[in-house]
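Each residue of the sequence shown is one higher than the last, beginning at 916 in my numbering.
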Amino acid sequence: MPYATHDIRNVALAGHPGAGKTTLFEALLHAGGALTTAGTIERGTTVSDFDPMEKARGHSMDIAIASIDHAPDSDRSYHLNFIDTPGYPEFRGPALAALAAVETAAIVVDADTGVEHGTLRLMERARERGLCRAIIVNKIDHEHADCVRVMEQLREAFGNAVLPLNLPADGGRRVVDCFGNAEGHSDLGPVAEWHQRILDQVVEVDEAAMEHYLDSGEAGIPPQELHDAFEKALREDHLVPVCFVSARSGVGVPELLQVAERLFPDPTEANPPPLFRRNGHGDEPLAVEGSAGGHVIADVFKIVNDPFVGKLGVFRVYQGTVRRDTQLFVDDGRKPFKVGHLFKLRGREHAEIDEAIPGDIAAVAKIDDLHFDAMLHDSHDEDGVRLAPTMFPRPMFGLAVQAASRGQEQKLSQALQKLTEEDPAFLVEHNVELNETVIRGLSDLHLRVMLDRLKDRFSVDVATRPPRIAYRETVSTRADGHHRHKKQTGGAGQFGEVSLRIEPLPRGTGFEFVDEVKGGTIPGQFLPAVEKGVRQVLQGGAVSGHPLQDVRVIVYDGKHHPVDSKEIAFVTAGRKAFLDAIGKARPQVLEPIVDLEVGAPEAQLGDVTGSLAARRARITGTDSARGEIVVKAQVPMSELEGFAAELKSLTAGKGRYALDFSHYEPVPPPVQQKLVEAYKPKHEED
């Protein structure tokens, strides 16, 4: 079924775990005719949760994409790309990446439990991205559903812009339209009252619609004018529409599909994508035409390493048309690749297509150079074009891993590389000094899933242990340092003398190297050698063996010899002068502090806060809702070892937590003394 850009709707289903996103995804595919029978999570037959691990665990761990070609009447057909995203915070990486590919974020809320912490977080992320936001209240026919309370919570949390497009009626057994209809009664009261509210909210943003409305009432507003006002209200965040459904029974699902088709924005109606072009003067915003005949601009927002078709790059087209057998460049690469296979995705199925037009989502296979956030284009005129990056939570949970058996090191390295390609919130670090490979994720569950994938998908067994904590060093005051390096071994010797000053910088600034040498006391060709010696200390540390940061080094004087001065002499002099200054500047060891959020049953508040207090945590706030508490705290990363097991024990498995990096701060004196003493033997040998 051919379609144009204005027929496309891109919608991401996001929300708190257990809200019913996957079931709704199935119900929408069924209502749109893409499925003859909707699958269920219980039977493991859903389109989106096709991975064996997802089936076994009963929840999504990655995004899934499926399209619907739907013609509700003879006048118009639509092409809808739905993305089902995981709800658990451990798998936020792929979920947040998907938001960059759509115009509309549909946040699914459970009518039983109402607004939860994940709802707040995702609504804010969608707002920051400039997306049109909609809320879908699911499970309206459940025994404990309370749609009145949920509507009150939504308006309290997100403001008066939250208004329903339809309303539950007869205890959630049906829904009634309140945008285009003013008649009848609902579970939330008279339809006419809600109809008036949303109509007033929509016409407020459009002068022409408001004028027609005031002159001749609702009947005097041309349909297209009302549609344009609705789209403008969505773009400007003046309206957050709410739809009520029961994905399990199908109540409200056809109506939701109709809303998506007729009211959600197409790619030309939404806020423009945040594209920019890099040039010699910085980044400048780039407005794309979105025309099918223009140069191709497309962004890869998902990498899938498929065992049958190889690496898949899933991309969103912003301009131009991607066709089979055409050539595309990756980022600023000079060598193009040929599009041999072009796919539309439906869960794990790949259907070959001939072209992907502006606004559409498709995938290309077997291109090794593809990576997450790669920009695809067909002309060097688009070199330097990028999409504004998505801000992902910093993965702080770590495990040191090594192959369980000799000979599998290369296989492990390749498998880890593929996993990092697929999840932008999963990192692999290699510490050369310790010869230690560390995997980092968003939680212990995230890392366990990755270890399971290593074994199930790549047949790699690993041994794990806690990694070394990422301590840092810094200085707390100004100091001068000096060193003369003189070595005579017969014939030409080595000579270099350096005087420098160091100053602390604000936390998180990094490192600055300043040349204030006057009169050529250190010739210019030797200053890079001085900086090299300084950077050796920065990398290896001075007092505890950890990298040094937040310091400015000012080289202001020195001496050289016309014959004996060499690069190696000034490397050594720079390094030892820096160490001399650090010893006088009250060096400090810094530890990473993380923002921690712990969710647990309200009855366990005392146990949770007691556990955190014992781990040197600072409680910054608590929230309580519907029998659950969320404790917010800042805690040293080093104190979280074993916390997952303790929380599970304290809450009978009902506790959860998430963390994100906050800042570095000095460790307590006893901890610093212990770290310094542990480093002394090695330091003295050097």
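From the three backbone atoms N, C-alpha and C, an ideal C-beta is built for every residue, glycine too.
Measuring straight from C-alpha to C-alpha, what distance separates residue i and residue j?
| i | j | result |
| --- | --- | --- |
| Val1343 | Arg924 | 36 Å |
| Ser1101 | Trp1109 | 10 Å |
| His1598 | His974 | Confidence at His1598 is low in this model, with a pLDDT of 43, below 50, so its placement is unreliable and the value that follows should be read with caution. Straight-line Cα distance between these residues: approximately 50 Å. |
| Asp1510 | Val1413 | 42 Å |
| Tyr1233 | Glu1184 | 13 Å |
| Asn1350 | Thr1392 | 33 Å |
| Ala1518 | Met1066 | 27 Å |
| Pro1596 | Pro1507 | Interpretation of Pro1596 is limited by its pLDDT of 49, a score under 50 that renders its predicted location unreliable; no figure is taken from the coordinates. |
| Gln1323 | Ala1266 | 35 Å |
| Ile1212 | Val1245 | 10 Å |
| Thr938 | Ser1161 | 9 Å |
| Glu1600 | Ala1020 | At Glu1600 the pLDDT is 43, less than 50, meaning the model places this residue with poor confidence; the figure from the coordinates comes in the next sentence. Taking the straight line joining both Cα atoms gives about 58 Å. |
| Gln1329 | Ala1016 | 28 Å |
| Ala1529 | Arg1363 | 26 Å |
| Val1390 | Pro1502 | 4 Å |
| Asp977 | Thr1000 | 6 Å |
| Ala1252 | Ala1278 | Here residue 1252 is Phe; the residue named in the question, Ala, does not match the sequence. Approximately 14 Å between the Cα atoms of the pair. |
| Pro1584 | Val1353 | 28 Å |
| Tyr1003 | Leu943 | 22 Å |
| Leu1334 | Asp1025 | 32 Å |
| Glu897 | Val1504 | Because the chain spans 916 through 1601 in this model, residue 897 falls outside it and cannot be assessed. |
| Val1174 | Thr961 | 23 Å |
| Ser1539 | Val1523 | 14 Å |
| Pro1187 | Gly1197 | 20 Å |
| Ala1532 | Leu1574 | 13 Å |
Which residues does DSSP pair with residue i in a beta bridge?
| i | result |
| --- | --- |
| Phe1244 | His1292 |
| Asp1025 | Gly1029, Asn1053 |
| Leu1505 | Arg1387, Pro1581 |
| Gly1225 | Asp1221 |
| Leu1257 | Val1279 |
| Tyr1572 | Val1513 |
| Arg1467 | Glu1418, Glu1427 |
| Leu1314 | Ile1354 |
| Asn1346 | Glu1351 |
| Ser1539 | Ile1544 |
I think residue i touches residue j, with their Cβ atoms under 8 Å apart; what is that distance to the nearest whole Å?
| i | j | result |
| --- | --- | --- |
| Pro1310 | Gly1356 | 5 Å |
| Ala1271 | Thr1241 | The Cβ separation is near 11 Å, so there is no contact. |
| Val1215 | Asp1288 | 6 Å |
| Gly1514 | Gly1570 | 7 Å |
| Gly1611 | Phe1441 | Since the first residue shown for the chain is 916 and the last is 1601, residue 1611 is missing from the structure and cannot be characterised. |
| Arg1301 | Phe1191 | 6 Å |
| Ile1417 | Ala1496 | 5 Å |
| Thr1034 | Gly1167 | Contact doesn't hold; Cβ gap of about 19 Å is too wide. |
| His1153 | Gln1116 | 7 Å |
According to DSSP, is residue i helix, strand or coil?
| i | result |
| --- | --- |
| Gly1435 | coil |
| Lys936 | helix |
| Glu1554 | helix |
| His921 | helix |
| Cys1062 | helix |
| Ser992 | strand |
| His1361 | helix |
| Gln1549 | strand |
| Asp1338 | coil |
| Phe1485 | helix |
| Ala1266 | strand |
| Val1429 | strand |
| Gln1403 | coil |
| Asp1181 | coil |
| Leu1201 | coil |
| Thr1524 | helix |
| Glu1412 | strand |
| Ile1113 | helix |
### Query
If you pair each beta-carbon of the region 1225 to 1232 with each one of the region 1256 to 1276, do three or more pairs fall below 8 Å?
Yes: the two stretches touch, three or more of their Cβ pairs being nearer than 8 Å.
### Query
Would you call the region 1009 to 1022 and the region 1044 to 1054 in contact, with 3 or more CB pairs under 8 Å?
Yes, the region 1009 to 1022 touches the region 1044 to 1054.
### Query
Is the region 1454 to 1469 in contact with the region 1382 to 1396, if contact means three or more CB pairs nearer than 8 Å?
Yes, since at least three Cβ pairs between the region 1454 to 1469 and the region 1382 to 1396 fall closer than 8 Å, the two stretches touch.
### Query
Between the region 1284 to 1296 and the region 991 to 1007, are three or more C-beta pairs nearer than 8 Å?
Between the region 1284 to 1296 and the region 991 to 1007, the count of C-beta pairs closer than 8 Å stays below three; the two stretches do not touch.
### Query
At a cut of 8 Å, does the region 966 to 982 reach the region 1361 to 1377 through at least three beta carbon pairs?
With a cut-off of 8 Å, the region 1361 to 1377 and the region 966 to 982 count as touching, because enough Cβ pairs lie within range.
### Task
Kindly confirm or deny that the region 1050 to 1064 and the region 1151 to 1170 touch, where touching means at least three C-beta pairs closer than 8 Å.
Segments in contact, yes.
### Query
Does the region 1549 to 1559 come close enough to the region 1473 to 1483 to have 3 or more Cβ pairs within less than 8 Å?
They do not touch, by the three-pair rule.
### Query
Are three or more beta carbon pairs between the region 978 to 988 and the region 935 to 952 nearer than 8 Å?
The region 935 to 952 and the region 978 to 988 touch, with three or more beta-carbon pairs separated by less than 8 Å.
### Query
Do the region 1067 to 1074 and the region 1025 to 1036 make contact, defined as three or more Cβ pairs closer than 8 Å?
These segments touch.
### Query
Between the region 1427 to 1446 and the region 1371 to 1379, do three or more beta carbon pairs fall short of 8 Å?
In short, these stretches do not touch, since the Cβ pair count stays below three.
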